[in-house]
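Colleague: Sending over a structure as structure tokens; questions will come in a sec.
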Amino acid sequence: MTSSSLQQAIKRVLCEQPLTFLDPVFYTNSEFVSLEQQNIFSKTWLYVCHTSKLTEIGATRIVEVAGRSLIIIRSEQDTLSAFYNSCSHRGSTLIPDEKANNEKAPQKPAASRKCIVCPYHGWTFDIQGNLKGLPEKDRFSNSVDFSKLALKPVRLETWGSLIFVSFSAEIRSLKDYLGEMVARMAGFPIESLTLLFEKDYEVSCNWKTFHDNGLCDYHVSIAHQTTLKDVQGHTKYYQYMFDDYVNALITPITQKWKSENEPWEVLPEPMRSQFITFGIFPNLHIYALPDGTLYVERIDPISVSECQIHSEVYGRPHHLNHIGELEKWYEALFEEDRILAEGVQKGYASIQGESGESKHTPGPINTLEARIVQQQQLIRRFLLSGFQRELAAPIGSIYSEQFRQSDTFKAVIQRSL
Numbered sequence: 001m002t003s004s005s006l007q008q009a010i011k012r013v014l015c016e017q018p019l020t021f022l023d024p025v026f027y028t029n030s031e032f033v034s035l036e037q038q039n040i041f042s043k044t045w046l047y048v049c050h051t052s053k054l055t056e057i058g059a060t061r062i063v064e065v066a067g068r069s070l071i072i073i074r075s076e077q078d079t080l081s082a083f084y085n086s087c088s089h090r091g092s093t094l095i096p097d098e099k100a101n102n103e104k105a106p107q108k109p110a111a112s113r114k115c116i117v118c119p120y121h122g123w124t125f126d127i128q129g130n131l132k133g134l135p136e137k138d139r140f141s142n143s144v145d146f147s148k149l150a151l152k153p154v155r156l157e158t159w160g161s162l163i164f165v166s167f168s169a170e171i172r173s174l175k176d177y178l179g180e181m182v183a184r185m186a187g188f189p190i191e192s193l194t195l196l197f198e199k200d201y202e203v204s205c206n207w208k209t210f211h212d213n214g215l216c217d218y219h220v221s222i223a224h225q226t227t228l229k230d231v232q233g234h235t236k237y238y239q240y241m242f243d244d245y246v247n248a249l250i251t252p253i254t255q256k257w258k259s260e261n262e263p264w265e266v267l268p269e270p271m272r273s274q275f276i277t278f279g280i281f282p283n284l285h286i287y288a289l290p291d292g293t294l295y296v297e298r299i300d301p302i303s304v305s306e307c308q309i310h311s312e313v314y315g316r317p318h319h320l321n322h323i324g325e326l327e328k329w330y331e332a333l334f335e336e337d338r339i340l341a342e343g344v345q346k347g348y349a350s351i352q353g354e355s356g357e358s359k360h361t362p363g364p365i366n367t368l369e370a371r372i373v374q375q376q377q378l379i380r381r382f383l384l385s386g387f388q389r390e391l392a393a394p395i396g397s398i399y400s401e402q403f404r405q406s407d408t409f410k411a412v413i414q415r416s417l
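Quick look at the structure:
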């Protein structure tokens, strides 16, 4: 797409059509990959892993978050911390990610360590991130203050047993970010659940395409005939929750599901008869079932047309006897969604004009697609906020003077932020 056509697409989608679905150009133009990393993934709370992955003092886990390698570690004070996986001397990677080097092998259980040693020059840090030793220290200038060369921390907070990080110092606390979800899930003891299985998948679609699909409540009875349709009740009983960054669909459990499963006795009513699906901006889905199983799905962008889905399924101890059945059900559900999402991505790509602009006008919104619209409004808002920050220092064609000075753009900035 040319700079001019990209500029017009942004103006049309972000400024002139604030209540429609996102234009397909946002799913097919590669320029948006870096813009989203900078203005969305760097400004929100992002799920990384469950606390059960780091139970011992010194337990360490390497995670890739928004294109950044992080060290998650349990300190001597039995608290969790996150640091950039980069030495404060010359930036060398401190701990290699074995999973990244061997994508077919799952990451090993978190290693326990007493210190972190840089493989490049031997700088040694304790598990609180403080610099504790280095070779040839007397060859540095006397003016160097080594106490200021600790590992750079990353903000980390937990909700229950789920660990989140954020690269933003300004963002509200995780509890406030999750909003009403915290109170709604208060009776669901996530901390007592056991990891049943986890899997990674690569899908040939934009991350937003897969995210939209997970938020779409319009397709369940059509595309999930033997999976979700057997769990969720009729659409006339659907209830919704919308918060600043989180939305939820609350549905009654079908009689078929009730006849085959027992609700968890510790759950309060009405949770023992409800299926709740949460969409957490920007890229997380959590499904809570009344038998105590919890499905966590994170969607990570790889490129404009590829994403990685990391899924974790938690349950009660007796579910360990039925892992095969659960895996089969979730695999079937995932495969149905993968086919749908990849089909949408191909459809978006096929309606591009010769210069890359979209020839598709987003269609009407069904009320069962309200959760998609809410999250897409957040995407618009975060991108607009990024444009506002760059008014004085444009980066690339997307921040052209003509676009930044348009009356429409200025008006939407005032309304949206």
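According to full-length UniProt numbering, the sequence shown is numbered sequentially starting from 1.
Each residue gets a CB set at the ideal place from its N, CA and C atoms; glycine is no exception.
Because the structure is a prediction, the values reported are computed rather than measured.
#1: I'd like the span of the beta strand (DSSP E) that includes SER166, first residue to last.
#2: With H, G and I counted as helix, E and B as strand and the rest as coil, what does DSSP make of ALA111?
#3: Can you check which of these residues, ALA150, GLU306, SER173 and ALA111, is closest to LEU156 by C-alpha distance?
#4: Could you give the residue range of the beta strand (DSSP E) that holds ASP337?
#5: Alpha helix (DSSP H) containing ASN29: first to last residue?
#6: With GLU153 and ALA82 assumed to form a contact (beta carbons below 8 Å), what rounded beta-carbon distance in angstroms separates them?
#7: Please classify THR251: does DSSP put it in a helix, a strand, or coil?
#8: Let me confirm a value: SER3 is counted as buried when at least 16 other C-beta atoms fall within 10 Å, else exposed. Which label applies?
#9: Does GLN128 come out as helix, strand or coil in the three-state DSSP assignment?
#10: Grab the span of the beta strand (DSSP E) containing HIS319 for me, first residue to last.
#11: Helix, strand or coil for HIS211, going by three-state DSSP, please let me know.
#12: Only counting the same chain, and skipping five residues up and downstream in sequence, which positions put a Cβ closer than 7 Å to that of GLN38?
#13: Just tell me which of GLU76, THR277, ALA111 and LYS346 has its CA closest to the CA of LEU215.
#14: Can you tell me which of the three DSSP states TYR177 falls into?
#15: State yes or no: is the C-beta of PRO362 within less than 7 Å of the C-beta of PHE21?
#16: Could you say which of LEU70, ASP300 and THR79 lies nearest to LEU94 if we only look at CA atoms?
#17: Suppose contacts are defined by Cβ-Cβ distances below 7 Å. Is LYS208 in contact with TYR348 by that definition?
#18: Let me know the alpha helix (DSSP H) ranges lying completely inside the stretch 40 to 91, each 4 residues or longer, listed in chain order.
#19: Check this for me: beta carbons of ARG371 and GLY279, under 7 Å apart or not?
#20: Rounded to whole angstroms, what's the CA-CA distance from LEU195 to GLU269? Just pull it up for me.
#21: Compute the Euclidean distance between the alpha carbons of GLU265 and SER273, then round it to the nearest angstrom.
#22: Short of 8 Å in beta carbon distance, which residues of its chain neighbour LEU80, apart from the five on each side in sequence? Order them along the chain.
#23: Over the uninterrupted beta strand (DSSP E) stretch that includes ILE286, give me the two end residues.
#24: Please state whether DSSP places ARG172 in a helix, a strand or coil.
#25: MET185 by DSSP, collapsed to three states: which one?
#26: First and last residue of the alpha helix (DSSP H) that includes VAL154?
#27: Within a Cβ cutoff of 8 Å, which residues of the same chain sit near ALA111, ignoring the five residues on either side of it in sequence?
#28: If you draw a straight line from the alpha carbon of PHE140 to that of ALA288, how long is it in whole angstroms?
#29: Report yes or no: do the stretch 238 to 252 and the stretch 365 to 380 share at least 3 C-beta pairs separated by less than 8 Å?
#30: Note the first and the last residue of the continuous beta strand (DSSP E) segment covering VAL203.
#31: Once DSSP output is grouped into helix, strand and coil, what is the label at LEU35?
Modeller: On the basis of the data shown:
#1: Your numbering for residue 166 matches position 166 in the sequence shown. 162 to 166 is the extent of the beta strand (DSSP E) around SER166.
#2: For the purposes of this step, residue 111 is taken as residue 111 along the sequence shown, with counting starting at 1. Looking at ALA111 - three-state DSSP - the assignment turns out to be strand.
#3: Your numbering for residue 156 matches position 156 in the sequence shown. Closest by alpha carbon: SER173.
#4: The count along the sequence shown starts at 1 and reaches residue 337 at position 337. No beta strand (DSSP E) contains ASP337, which is instead part of the alpha helix (DSSP H) from 323 to 350.
#5: Taking the sequence shown and counting its residues from 1, the one referred to as residue 29 is at position 29. Where ASN29 is concerned, there is no enclosing alpha helix (DSSP H), given that its DSSP letter is neither H nor E.
#6: For the purposes of this step, residue 153 is taken as the residue at position 153 of the sequence shown. For the purposes of this step, residue 82 is taken as the residue at position 82 of the sequence shown. The sequence shown places Pro at residue 153, not Glu. Between ALA82 and PRO153 the Cβ distance is about 7 Å, and since that is below 8 Å, they are a contact.
#7: By one-based count along the sequence shown, residue 251 stands at place 251. THR251 falls in the strand class under three-state DSSP.
#8: What you label residue 3 is simply residue 3 of the sequence shown in a count that begins at 1. Bear in mind that a pLDDT of 49 at SER3, under 50, signals an unreliable position, so the model cannot answer this.
#9: What you label residue 128 is simply residue 128 of the sequence shown in a count that begins at 1. Residue state, collapsed to three classes: coil.
#10: Residue 319 sits at position 319 when you count from the first residue of the sequence shown. Where HIS319 is concerned, there is no enclosing beta strand (DSSP E), given that its DSSP letter is neither H nor E.
#11: Reading the sequence shown from its first residue, position 211 is the one you call residue 211. DSSP places HIS211 in helix when its eight states are reduced to three.
#12: Along the sequence shown, one-based indexing puts residue 38 at 38. Taken in chain order, the residues that qualify are GLY386.
#13: To locate residue 215, count along the sequence shown from 1; it is residue 215. Ranking GLU76, THR277, ALA111 and LYS346 by Cα distance to LEU215 puts THR277 first.
#14: Here the question's residue 177 lines up with position 177 in the sequence shown. Helix.
#15: The residue given as residue 362 occupies position 362 in the sequence shown. The residue given as residue 21 occupies position 21 in the sequence shown. Yes, these two residues count as a Cβ contact at 7 Å.
#16: Counting from one through the sequence shown, the residue named residue 94 turns up at place 94. The option with the nearest alpha carbon to LEU94 is LEU70.
#17: Taking the first residue of the sequence shown as 1, we reach residue 208 at position 208. Taking the first residue of the sequence shown as 1, we reach residue 348 at position 348. No, they are not a contact pair.
#18: none
#19: Taking the sequence shown and counting its residues from 1, one reaches residue 371 at position 371. Taking the sequence shown and counting its residues from 1, one reaches residue 279 at position 279. Contact flag set, yes.
#20: By 1-based counting over the sequence shown, the position of residue 195 is 195. By 1-based counting over the sequence shown, the position of residue 269 is 269. Using only the alpha carbons, I get a separation of about 25 Å.
#21: In the sequence shown, counting from the first residue as 1, residue 265 sits at position 265. In the sequence shown, counting from the first residue as 1, residue 273 sits at position 273. If you take the alpha carbons of GLU265 and SER273, they lie about 11 Å apart.
#22: Reading the sequence shown from its first residue, position 80 is the one you call residue 80. These residues qualify, in order along the chain: THR51, LEU54, ILE72, ILE73, ARG74, LEU156, THR158 and ILE163.
#23: As a working note, residue 286 is residue 286 in the sequence shown. Residues 284 to 288.
#24: Here residue 172 is taken as the residue at index 172 of the sequence shown, counted from 1. If DSSP states are grouped into helix, strand and coil, ARG172 belongs with coil.
#25: Your numbering for residue 185 matches position 185 in the sequence shown. Coil at MET185, not helix or strand.
#26: Here the question's residue 154 lines up with position 154 in the sequence shown. Element bounds for VAL154: not the alpha helix (DSSP H) but the beta strand (DSSP E), 153 to 159.
#27: In the sequence shown, counting from the first residue as 1, residue 111 sits at position 111. So the qualifying residues of the chain are ALA59 and THR60.
#28: Counting from 1 along the sequence shown, the entry for residue 140 is found at position 140. Counting from 1 along the sequence shown, the entry for residue 288 is found at position 288. Spanning the two alpha carbons is a distance of roughly 55 Å.
#29: yes
#30: On the sequence shown, position 203 is the one that residue 203 refers to. It spans 194 to 203 - the beta strand (DSSP E) in which VAL203 sits, taken as one unbroken run.
#31: In the sequence shown, residue 35 corresponds to position 35, counting from 1. Note: LEU35 maps to helix in three-state DSSP.
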